[in-house]
Structure formats: structure tokens, C-alpha cells
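Down below is the structure, laid out as C-alpha cells.
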Amino acid sequence: MSFLDLILIAFLLYMFFSGYSKGFFSTLYDLVSFIIMMLFIYFNVETISSIIQIYKPVDDPLSQLGGSVINMLIVFIIMFVVLEIIRRLIGVLIKPLVNQLTDHFALTAFVNHLLGALLHALKGVFISFMVMMMVIIPFFGPDILTNSKIGHLIIEDVPIISQKAINEASAYGSLLKGQHTLQLEDKDILKKMIIANNHAYNHGILDEHDATQFVYTQLGPALMKQQVIIPHEEKLQFISLLNKTPYTETEKNTILNNIGSE
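Structure (C-alpha cells):
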């Protein structure tokens with residue numbers, strides 16, 4: 048059992064017993080309001096981070112790519128803290144009314160507490176997934192899940208988005224750890240840089256000019272020297288950016304011949 052497993056087990060047990068003490072309806076409010084809060088952050092953090100520049104990188108596409116990710120992460124944390132305070136203040140007013148539903152639905156004390164425990168544990172799984180996607184995988188790499196049975200199980204519970212999320216988290220992790228300054232002859236880093244540039248462009252973190260410049264000045268020269276394999280949809284996105292660069296058709300063909308798809 049890995050150290051990550053021990054942390055996850057301790058956290059999930061805490062969430063379980065915390066939910067048991069709160070009861071079902073109070074926990075239901077916590078879960079629903081938390082999901083609404085996270086959805087609001089998810090759909091607005093990119094827009095807000097493009098307006099509020101807390102972290103300003105130096106003026107070149109490579110540094111802007113990593114700096115924009117860091118800025119968005121800072122904005123995410125600020126939004127989370129502010130909205131969490133608001134959510135808890137509203138909860139102080141609403142929870143006494145919500146708890147009265149226990150008597151209305153005639154739930155026994157045991158059933159009320161058990162349902163609360165299960166619901167809060169579910170919230171714990173959701174939080175664990177987010178932390179692994181935003182912190183653990185970016186900073187420690189996806190290989191950390193290999194030795195973590197609990198972490199791997201939580202990730203696999205969301206199979207539709209898990210692999211895409213892991214790829215994106217790993218790519219952004221390279222930037223957050225400063226690997227955007229490392230040698231792009233490392234195939235793994237080169238792959239992550241391609242994916243990170245694609246996602247930064249798709250999410251509005253980089254505009255078309257900066258994303259194209261990154262391809263022209265950084266990725267293109269590296270791809271002329273070595274081969275790399277990336278997901279098919281990432282290759283299509285890369286091609287659309289490559290076609291906007293000043294490269295000649297011969298140079299573009301050389302680059303594309305060195306990119307395989309999976």
C-alpha cells in the first residue's frame with residue numbers, strides 16, 4: 048500500500064464519519080452546493096483568469112504558456128476560497144431548515160446518519176479526483192497511480208474523462224514544474240508540450256498568435272529532429288496550428304512525417 052493510498056483512506060474515512068455526524072439532508076445540501084460551486088468555477092475560471100493577471104510571465108510564448116497555467120491555477124484557488132466562504136455562510140442559514148426534513152420524512156436516526164455518511168464519502172471521492180488531477184498528477188506524474196490502488200480506482204471510476212484528464216494534467220504539470228525550459232529532445236516532454244500548447248489554445252489561455260509562435264519557434268525545430276507519438280485528436284489540432292506558421296510545405300511535411308498518432 049502506497050503513501051498516497053494511506054492519505055486517501057484517511058481522508059475518505061474522515062469524510063465518512065463527518066457525514067455520519069451531520070446526517071443525510073445536511074450532507075445533501077453540502078454535496079449539491081459544492082457541485083454547483085465547482086461547476087461555476089469550471090465554466091468561468093478561464094474567462095476570469097484571462098481578465099485578471101495575478102501572475103505575469105516574461106514576454107515570450109514558451110514562458111506565457113507556463114505562466115498562463117499558473118495564473119489560472121491561482122485564480123481557481125481564489126475563486127474556490129471566496130465561494131466556499133459564501134457557501135458556508137449560506138449553509139448556516141439553510142441547514143437548520145433542511146435538518147427539519149428528517150422528521151418530515153420520518154427517517155430513523157441510524158438511516159439518517161448512514162445516508163449522510165455515504166453521501167459525504169461520495170463527496171470525498173469527488174474531491175480526491177480533483178486533487179489528483181490538479182495537484183498530484185501534474186507535480187508527481189501519472190506513474191504515481193501505478194502503485195496506488197485507491198488512487199487508480201478513483202480515477203478509473205470516471206473512465207470517460209480519466210485518460211484525457213490524466214494527459215492534460217501531466218502536460219500542464221511539465222509547465223508548472225518548469226519543464227518548459229528543459230530540452231525538447233526528451234520525447235516524453237515534447238509530447239507533453241504539444242498537448243499543453245493545444246489545450247492552452249483551445250481553452251483560451253494562449254491566443255492563436257502565441258500558440259502558433261510556440262509551434263514555429265519551439266515544437267517545429269524539435270520535431271524536425273525526432274519522432275513522437277501523440278493522440279490522433281491532438282495531432283489534428285497541431286496540424287491546424289502548424290498550417291498557420293511560416294514553414295515551407297517541405298518543412299511542414301518533414302515535421303508531420305515525424306508525428307505518429309495513437
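Remember, our numbering sits 47 above the position in the sequence shown when you count from 1. Note that beta-carbon positions come from the ideal geometry of N, C-alpha and C, so glycine has one too.
- Of the residues Thr301, Leu59, Val129 and Lys234, the one whose Cα lies closest to the Cα of Phe87 is Val129.
- With a cutoff of 8 Å on beta-carbon distance, Leu136 and Phe71 are scored as not near each other.
- Ser68 has its alpha-carbon roughly 8 Å from the corresponding atom of Ala164.
- At a Cβ-Cβ threshold of 8 Å, Leu55 and Ile197 count as neighbours.
- A Cβ-Cβ distance of about 5 Å is found for the pair Val275 and Lys234, placing them in contact under the 8 Å criterion.
- The three-state secondary structure of Ser195, taken from DSSP, is coil.
- Assignment of beta-bridge partners to Gly267 by DSSP yields no partner.
- Thr292 sits close to Thr259, with the two beta carbons spaced by under 8 Å.
- Here the alpha carbons of Asp257 and Asn304 stand approximately 24 Å from one another.
- Contact check for Asn146 against Ser80 fails: the beta carbons are separated by 8 Å or more.
- In the structure shown, the three-state DSSP call for Gly70 is coil.
- Pairing Leu148 with Met85, the inter-Cα distance amounts to about 26 Å.
- In the DSSP assignment, Val262 falls outside any beta strand (DSSP E), carrying neither H nor E.
- A Cβ-Cβ distance of about 6 Å is found for the pair Ile241 and Phe285, placing them in contact under the 8 Å criterion.
- Scanning Ser175, Tyr76, Asn118 and Val172 for the CA closest to the CA of Pro143 turns up Tyr76.
- Contact between Ile141 and Phe176 is absent: CB atoms are separated by about 26 Å, not below the 8 Å threshold.
- In the structure shown, the three-state DSSP call for Ile276 is strand.
- By the neighbour-count criterion, in which a residue is buried when 16 or more other Cβ atoms sit within 10 angstroms of its Cβ, His279 is exposed.
- The Cβ neighbour count for Tyr89, taken over all protein chains shown within 10 Å, is under 16; the residue is labelled exposed.
- By the beta-carbon neighbour count (other beta carbons within 10 angstroms, threshold 16), Lys272 is exposed.
- Going by C-alpha positions, Ile125 is about 10 Å away from Val92.
- In this model, Phe123 and Ser96 are separated by some 8 Å (Cα to Cα).
- As the crow flies, the alpha-carbon of Ser49 is around 40 Å from that of Gly267.
- Inclusion of Tyr248 and Leu192 in the CB contact set at 8 Å is not warranted, their separation being larger than that value.
- Cβ contact annotation for Ile82 (same chain, cutoff 8 Å, sequence separation greater than five): Phe173, in chain order.
- From the listed residues Ile98, Arg134, Ile133 and Ile132, the smallest Cα separation to Met119 is found for Ile98.
- Out of Leu270, Glu281 and Asn290, the CA that lies nearest to the CA of Glu255 is found in Asn290.
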